[in-house]
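Per this note's numbering, the very first residue in the sequence shown carries number -10; after that it's consecutive. Just so you know, even glycine gets a beta-carbon here, dropped at the ideal spot from N, CA and C.
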Amino acid sequence: MKKRLIGVCAAALLSLGVAAPASAAPAPAPPYDILTMGEGPVLLGVVYADANFSGSRIEFRGNSCSKDKDGVPEYQFPLNSDWRWQISSLRFYAASQNCELWLRDRNGDKLSFGGITSVKWLGDWNDQTVTVQFT
Ligand SMILES: [Ca+2]
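Next comes the structure, spelled out in structure tokens:
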């Protein structure tokens, strides 16, 4: 993913220096991927492949969470092979919907977030997440 991202970013930077004619070819693809997982009116959170809320991202959608925290997450998002061991920063929005955000690493260990949270760098948890859960 990294090599492709660098290439696309370079292309995007180059294109900034040249004014495109109105009849130019279709706009290039964005310099990163945006993936949506889940459905619903609530934006639960966003994870980013790079630090500082940059790079490719996944937006997680759903509904509110139950107040009962029985240890079984309401939303389970196992990451595909493009996204495992990639997440470096995140924003969590759904605290007011009774939700918590849990990251799980390959061992099943958990990092949880309660209140509305922005983490620009996951530190020890950088590139460790294999599943994102909301509960
Ligand atoms: Ca990363």
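For residue -5, collect the residues of the same chain with a Cβ closer than 6 Å to its Cβ; drop the 5 residues on either side in sequence, then sort them by chain order. The predicted position of residue -5 is uncertain, since its pLDDT is 46 and thus under 50; a value taken from the coordinates is nonetheless stated next. There are no such residues.
beta-carbon residue 210 near ligand 1 non-hydrogen atom, thresh 7 Å: In the structure as shown, the chain begins at -10 and stops at 124. Residue 210 is therefore absent and cannot be evaluated.
Specify the secondary structure class of residue 75 as computed by DSSP and reduced to three states. coil
Drop a sphere of 10 angstroms on the beta-carbon of residue 110, count the other beta-carbons inside from all chains shown, and report buried for 16 or more, exposed for fewer. exposed
Counting only the same chain and skipping the five closest in sequence on each side, list residues whose C-beta sits under 8 Å from that of residue 27. 33, 49, 50, 51, 64, 66
Under DSSP, the beta strand (DSSP E) around residue 123 begins and ends at which residues? 118 to 123
What whole-angstrom Cβ distance do residue 53 and residue 31 have, given they're in contact under 8 Å? 6 Å
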